[in-house]
Amino acid sequence: MGKINTKKLSNNGLLLLLSGMAVLLTQKVGMGSSIIEGIPGMLMILAVALGALIIKELFPKSIFPAFGWVTILGFLMSIPYNPLSKVFMEYTGKINFMAITTPLLTFAGISVGSKIEELKSMSWKIILISVLVFISIFFACALIAEAVLKLRGEI
């Protein structure tokens, strides 16, 4: 079990807070939603993300990246059997998914852009890997969605 690097965690927390503010601003500009109404949901989303970063720090040799931990924590917070899920879903439901993707894709683009030379060295292999990853993720998401819908009795 690893140690928590508090400086790294505080820097990541600040970045998460700035990202959350960008999401709320994007949501206000794009959809006219109230920033004040979105704050509780955004704080919940940021808490889940920060929790995932803490787990990643505590278990550095884990095969899951921080994104995987966010997915697991978000799933656990939103399943109907969790007593907090109703509140969690009510507040996070006020955050528009498209407002989240704008800063997320910006950060992803910056991240990929800084590693363009490494991508060039992979040549055609990166296309093959990308296609396999996209197909795998698509089918994994479809299976998860089907399982959740069956559990809820909607299909």
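Last residue of the sequence shown: 191 in this note's numbering, with the numbers rising by one and none dropped.
All C-beta atoms, glycine included, are put in the ideal place defined by N, C-alpha and C.
Here the structure is a predicted model, which is why all the values come from computation and not from measurement.
For Glu153, the enclosing alpha helix (DSSP H) stretches over residues 152-158. Counting along the chain, Tyr127 sits inside the alpha helix (DSSP H) bounded by residues 121-128. One thing to note: Met80 has its Cβ within 9 Å of the Cβ of Phe124. The beta carbon of Pro139 sits closer than 8 Å to those of Ser55, Ala58, Val59, Thr62, all from its chain and outside the five residues before and after it, given in chain order.
In its chain, beyond the 5 residues on either side, Ile191 have a beta carbon closer than 7 Å to the beta carbon of Leu185. Judged by their CB atoms, Ser69 and Ala135 are nearer to each other than the 9 Å cut-off. Inter-residue distance for Leu164 and Ala178 is about 21 Å (C-alpha atoms, whole angstroms). Around the beta carbon of Ala85, a 10 Å sphere encloses 16 or more other beta carbons of the protein chains shown; the residue is thus reported as buried. Under the three-pair Cβ rule at 8 Å, the stretch 45-52 counts as touching the stretch 83-99. Only exposed fits Gly129, as fewer than 16 other CB atoms lie within 10 angstroms of its CB. Non-local C-beta neighbours of Gly74 in its own chain, meaning closer than 7 Å and more than five positions away in sequence, comprise Leu60, Gln63, Lys130, Ile131, ordered along the chain.
In the DSSP assignment, Glu93 falls within the alpha helix (DSSP H) that extends over 71-94. For Asn47, the enclosing alpha helix (DSSP H) has its first and last residue at 42-67. Between Leu94 and Ile171, the C-beta gap is not smaller than 9 Å, which leaves the two residues out of contact. Just measuring C-alpha positions, the residue of Tyr127, Gly189, Ser157, Ser147 sitting nearest Ile71 is Tyr127.
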